[in-house]
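Have a look at the structure below before the remarks.
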Amino acid sequence: MTPEELYEKLRPLQEAKGYFFNKDKAFVLDLMESLLINRERYGYMACPCRLASGQRELDQDILCPCVYREPDVAEFGACYCGLYVSKEWNEGSIPQETVPERRDPEKLMAGLLFEE
Numbered sequence: 001m002t003p004e005e006l007y008e009k010l011r012p013l014q015e016a017k018g019y020f021f022n023k024d025k026a027f028v029l030d031l032m033e034s035l036l037i038n039r040e041r042y043g044y045m046a047c048p049c050r051l052a053s054g055q056r057e058l059d060q061d062i063l064c065p066c067v068y069r070e071p072d073v074a075e076f077g078a079c080y081c082g083l084y085v086s087k088e089w090n091e092g093s094i095p096q097e098t099v100p101e102r103r104d105p106e107k108l109m110a111g112l113l114f115e116e
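Anchor point for the sequence shown: position 21 equals 21 in full-length UniProt numbering, and the numbering is continuous, going up by one each time.
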């Protein structure tokens, strides 16, 4: 599967749920490529902006779309990596702020420990 094919497969599914891809399609396709690389590397599509441990049970929270997407988009209009955004974010009618990391610091460290 190519990044473009993944984009076309996911877009209607996510839009039906009220989530949109970032209007910067080149940026989105780069993230799609990273998702595909993670799927090849780990066997699952870990969030492209976080360091996965390679152990699915430890990474459950960052399987894309991650569990943080909903609160991030609700509060900031975008998820942590900016892949998923609200319609208002894409239209520029809300501020485009930096989204803080919500993931537990211990899980962040697990990704570092298992990557070595």
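The beta-carbon is built from N, C-alpha and C at its ideal position, and this holds for glycine as well.
This structure is a prediction, so every number in the text was calculated from the model and none was measured.
Endpoints, the alpha helix (DSSP H) within which residue i is located
i   : result
Q55 : Careful: Q55 lies outside any alpha helix (DSSP H) and carries neither H nor E.
Q96 : First-last for Q96: undefined, no H or E at that position.
K25 : 25-42
L73 : The sequence shown places Val at residue 73, rather than the Leu named in the question. From DSSP, the alpha helix (DSSP H) with V73 extends over 69-76.
Coarse secondary structure for residue i, derived from DSSP in three states
i           : result
residue 198 : This structure does not reach residue 198, given that the chain is present from 1 up to 116, and the question cannot be answered.
A16         : coil
Spatial distance of residue i from residue j (CA atoms)
i   : j    : result
E8  : F27  : 15 Å
G43 : G92  : 36 Å
E58 : P100 : Sequence check: residue 58 is Leu here, not Glu. Answer to the nearest angstrom: the Cα atoms are 21 Å apart.
I37 : K107 : 21 Å
Y68 : S34  : 18 Å
E40 : C64  : 14 Å
E97 : E75  : 10 Å
P71 : R102 : 9 Å
Beta-carbon spacing of residue i, residue j below 8 Å
i   : j   : result
L10 : C81 : no
V73 : C79 : yes
L29 : E5  : no
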